[in-house]
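Participant: Got a structure for you, questions after.
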Amino acid sequence: MKSRKIGFLVLSVLVIFSLILSACATATEEPEPTKPPPTKAPADTEAPPPTEAPPPTEAPPEEVTIRLAFWELFGIIEPRMQFNADLFNEQFPHINVEFVIAPEAFSHTQNMLTMIAAGDPPDVVWMSDAWIWDYAGRGALLDLTPYMERDGVEGSMFVPAVEDAKFDGKYYALPDHGGPLMVYYNKDMYDNAGLAYPIEQPTDEWTWDTYLSNAEKITQVGPDGRVEVFGTETWNIWFHWIPTLWTFGGDVINEDRTQSSLDEPEAKAAMQTVIDTMFTEPIVAPSLTTYGELGTDLLTMLLTQKVAHLGAGAWGPSLFTDPATMEPVINWGLAPYPTQIEPATLLSFVGWAIPAGTEHPEEAWELLKFLATNMEAQRDVAQRGIGIPGFLEAVAMGDFIMPYEPDTDLQIWQHSIARARSIPMHRQWSRTVEGVVTEEFTLMYVGEKSVDEAMDDAARRMNEVLAEPIE
Numbered sequence: 444m445k446s447r448k449i450g451f452l453v454l455s456v457l458v459i460f461s462l463i464l465s466a467c468a469t470a471t472e473e474p475e476p477t478k479p480p481p482t483k484a485p486a487d488t489e490a491p492p493p494t495e496a497p498p499p500t501e502a503p504p505e506e507v508t509i510r511l512a513f514w515e516l517f518g519i520i521e522p523r524m525q526f527n528a529d530l531f532n533e534q535f536p537h538i539n540v541e542f543v544i545a546p547e548a549f550s551h552t553q554n555m556l557t558m559i560a561a562g563d564p565p566d567v568v569w570m571s572d573a574w575i576w577d578y579a580g581r582g583a584l585l586d587l588t589p590y591m592e593r594d595g596v597e598g599s600m601f602v603p604a605v606e607d608a609k610f611d612g613k614y615y616a617l618p619d620h621g622g623p624l625m626v627y628y629n630k631d632m633y634d635n636a637g638l639a640y641p642i643e644q645p646t647d648e649w650t651w652d653t654y655l656s657n658a659e660k661i662t663q664v665g666p667d668g669r670v671e672v673f674g675t676e677t678w679n680i681w682f683h684w685i686p687t688l689w690t691f692g693g694d695v696i697n698e699d700r701t702q703s704s705l706d707e708p709e710a711k712a713a714m715q716t717v718i719d720t721m722f723t724e725p726i727v728a729p730s731l732t733t734y735g736e737l738g739t740d741l742l743t744m745l746l747t748q749k750v751a752h753l754g755a756g757a758w759g760p761s762l763f764t765d766p767a768t769m770e771p772v773i774n775w776g777l778a779p780y781p782t783q784i785e786p787a788t789l790l791s792f793v794g795w796a797i798p799a800g801t802e803h804p805e806e807a808w809e810l811l812k813f814l815a816t817n818m819e820a821q822r823d824v825a826q827r828g829i830g831i832p833g834f835l836e837a838v839a840m841g842d843f844i845m846p847y848e849p850d851t852d853l854q855i856w857q858h859s860i861a862r863a864r865s866i867p868m869h870r871q872w873s874r875t876v877e878g879v880v881t882e883e884f885t886l887m888y889v890g891e892k893s894v895d896e897a898m899d900d901a902a903r904r905m906n907e908v909l910a911e912p913i914e
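One point on numbering: in our numbering, the residue at position 278 of the sequence shown is 721, and numbering is uninterrupted.
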């Protein structure tokens, strides 16, 4: 990764030199001074031709309002979207952009399903790669391929993840940003516990056992016996627990996407490890009910040194950065996703898509194309620490590296990407992983069901959905 950073810098220098050379090549030599021609007597003047009426002016484009739907992430997304909308309006002043904001990703999917079912979808939406096959298979997304071919937008202009935006050989989304899931930790809390940073240990030894051992040493219990400082977060979202299944040798679904794998021993062992952090002594992670009991949320606990580890994608630095100064507000470090039986992590992206029922497909395409290919908009996503841009020209600028340590962190990036897997996409994602599976897992995470019971029920209900004919 360090060589990659050097490559970015070299590319930038080459671009500058090419611009200079281009300017030199097009410059013309200064002409020699010329002598004025001899003065002649003025010729007889003719009457000017009659003045013609100016051609009729084209009417300005009709003003249109389109809706952009996305989810919030601790208050860092809306400012970025407003920046994008302002940039877009400079080029397209007749297209007004209104926001449809959900508090988090799950609510966003529910909002989209409700609006699509009601025949009133937003015009452009943020779309996780996990949802593309599901929504495209339902006919709920606009095929972008004809628009791309017409306007010269090619898949090769984007990161390879753009291929995951295809369904039946057609593009239904273009990538906005993405990256591998990694672990962010509080260095000061490691120092206070007298622990070596994870990067100082050989990467293959950064296992779940080591991770949880560190979390236990960081955890602090108050005089009343309640945990006051937690060594790790809850790991309750699917992009947390799916790679956890992988590291224990399990999975969420089989290879041909016909049967759930959640009731297999490896999957249960993975989730038992996660659930034990919340309900089995020593407790090192807050349960889902803990945040409500404490009247706080995960980000506040991270920033006030009440939680030491966070599993997050490339957006991690944005959580620890003051948006006004772009300086870190805690002393954080980066580690790979912990392994157990086999090393693995999740590589995912968020893309832009257009619901098929939009009333303004041309204006929606102009906004999507701008968000996905405008250099200023795409570099902004990296400069804010939200992720690796989807547009290759913006990736080449290397802005996403800025929040990280140039040596150690880039090695972790390299390690993580080499071990990353794509989301196991299938046609029934919203009804399975984000539907019946999430329902069963929530009961497990609040202690109302055992791991065996919840995993068996989740697998059974998931298989029932997978067995249904797809409309």
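Idealized CB from N, CA, C, for every residue including glycine. Quick caveat, the model's predicted, so the values are computed rather than measured.
Reducing DSSP to helix, strand and coil, say where Ser550 ends up.
Facilitator: Three-state result, Ser550: helix.
Participant: Does the segment 657-666 come within contact of the segment 687-696, defined as at least 3 CB pairs closer than 8 Å?
Facilitator: Contact fails: fewer than three Cβ-Cβ distances are below 8 Å.
Participant: Anyone know if the C-beta pair for Val543 and Asn554 falls short of 9 Å?
Facilitator: Yes; because the gap between Cβ atoms is below 9 Å, this pair is in contact.
Participant: Would you identify the three-state DSSP class for Ser704, choosing helix, strand or coil?
Facilitator: Ser704: coil per DSSP, three-state reduction.
Participant: Under the rule that 16 or more other beta-carbon atoms within 10 Å means buried, what is Asp607, buried or exposed?
Facilitator: So Asp607 counts as buried.
Participant: If distances are taken between C-alpha atoms only, which option among Thr739, Ala839 and Pro912 comes closest to Arg870?
Facilitator: It is Pro912.
Participant: Do Ala863 and Tyr627 have their CB atoms nearer than 9 Å?
Facilitator: Result no, Cβ atoms of Ala863 and Tyr627 do not sit closer than 9 Å.
Participant: Let's test the definition: count the other Cβ atoms within 10 Å of the Cβ of Phe722 and tell me whether it reaches 16, buried, or not, exposed.
Facilitator: Phe722 should be labelled exposed.
Participant: Just how far apart, CA to CA, sit Gly800 and Trp651?
Facilitator: Rounded to whole angstroms, Gly800 to Trp651 spans 46 Å at the Cα level.
Participant: Cα separation between Asp529 and Phe813?
Facilitator: Taking the straight line from one Cα to the other gives about 12 Å.
Participant: Leaving out the 5 sequence neighbours to the left and right, which residues in its chain are closer than 6 Å to Ala901 when beta-carbon positions are compared?
Facilitator: Answer for Ala901: Leu705, Val880 and Glu883, listed in chain order.
Participant: From Tyr640 to Asp852, what distance separates their C-alpha atoms?
Facilitator: For Tyr640 and Asp852, the distance between alpha carbons rounds to 12 Å.
Participant: Would Asp828 pass as a contact of Leu789 if the rule is Cβ separation under 9 Å?
Facilitator: Strictly speaking, residue 828 in this sequence is Gly, with Asp absent from that position. No, Cβ-Cβ distance for Gly828 and Leu789 is not below 9 Å.
Participant: On the three-state DSSP scale, how would you describe His620?
Facilitator: DSSP places His620 in strand when its eight states are reduced to three.
Participant: Taking all protein chains shown into account, decide if Ala596 is buried (16 or more other Cβ within 10 angstroms of its Cβ) or exposed.
Facilitator: Sequence inspection shows Val at residue 596; the Ala mentioned does not correspond to that position. So Val596 ends up on the buried side.
Participant: Apply the 10 Å Cβ neighbour rule to Met845 and answer buried if 16 or more other Cβ atoms are within range, or exposed otherwise.
Facilitator: Classification for Met845: exposed.
Participant: For Gly562, which residues does DSSP report across the bridge?
Facilitator: BP columns for Gly562 are empty, so no partner.
Participant: Below 7 Å CB to CB, which residues in the same chain sit around His683 once its five sequence neighbours on both sides are set aside?
Facilitator: Gly754.
Participant: Can you find a C-beta in chain D that's less than 9 Å from the C-beta of Glu736?
Facilitator: Among the protein chains of the structure shown there is no chain D, as only one such chain exists.
Participant: What does the alpha-carbon distance come out to for the pair Glu907 and Leu811?
Facilitator: Taking the straight line from one Cα to the other gives about 36 Å.
Participant: Within the segment 862-894, note down every full beta strand (DSSP E) run reaching 3 residues or more, in order along the chain.
Facilitator: Counting whole runs of 3 or more residues, the segment 862-894 contains the beta strand (DSSP E) stretches 863-865.
Participant: Hey, would you say Arg520 sits closer than 9 Å to Phe531, going by beta carbons?
Facilitator: Position check: residue 520 holds Ile in this sequence, whereas Arg was assumed. No, these two residues do not count as a Cβ contact at 9 Å.
Participant: Excluding the 5 residues flanking Gly621 on each side, which residues of the same chain have their C-beta closer than 8 Å to its C-beta?
Facilitator: Excluding residues within five positions, the ones whose Cβ falls inside 8 Å are Asp572, Val602, Ala604, Gly756, Ala757, Leu790, Ser791, Phe792, Val793, Gly830, Ile831 and Gly833.
Participant: Less than 9 Å separating the beta-carbons of Asp842 and Ala820?
Facilitator: Taking 9 Å as the Cβ cut-off, Asp842 and Ala820 do not qualify as a contacting pair.
Participant: Can you list, in chain order, the residues of its chain whose CB lies under 6 Å from that of Pro623, leaving out five sequence neighbours each side?
Facilitator: Once the five neighbours on either side are set aside, the close Cβ partners of Pro623 are Thr788, Leu790, Ser859, Ile860 and Ala863.
Participant: Tell me which residues share the same chain as Trp576 and place their Cβ nearer than 8 Å to its Cβ, disregarding the 5 neighbours each side in the sequence.
Facilitator: Hits under 8 Å: Phe610, Met868, His869, Arg870 and Trp872.
Participant: For the segment 795-809 against the segment 581-594, do three or more pairs of beta-carbon atoms, one drawn from each stretch, fall closer than 8 Å, so that the two count as touching?
Facilitator: At 8 Å Cβ cutoff, the stretches touch.
Participant: Look up Leu585 in the DSSP assignment and say whether it is helix, strand or coil.
Facilitator: It is coil, neither helix nor strand.
Participant: Helix, strand or coil: how does DSSP classify Phe792 here?
Facilitator: Of the three classes helix, strand and coil, the one that applies to Phe792 here is strand, per DSSP.
Participant: Can you name the start and end residues of the beta strand (DSSP E) that Ile509 belongs to?
Facilitator: Counting along the chain, the beta strand (DSSP E) containing Ile509 begins and ends at Val507 to Trp514.
Participant: Look up Ser571 in the DSSP assignment and say whether it is helix, strand or coil.
Facilitator: Correct three-state label for Ser571: strand.
Participant: Would you kindly check if the distance between the Cβ of Gly759 and the Cβ of Met625 is under 9 Å?
Facilitator: Yes.
Participant: Less than 9 Å between the beta carbons of Tyr615 and Ala796, yes or no?
Facilitator: Yes, Cβ-Cβ distance for Tyr615 and Ala796 is below 9 Å.
Participant: What residues match up with Trp775 in a beta bridge as DSSP calls it?
Facilitator: Paired residue(s): Asn629.
Participant: From the DSSP output, in three-state form, read off Asn817 for me.
Facilitator: It is coil, neither helix nor strand.
Participant: Of the residues Phe513, Lys711, Leu737 and Asp594, which one's Cα is nearest the Cα of Leu688?
Facilitator: Taking only the C-alpha atoms, the option nearest Leu688 is Lys711.
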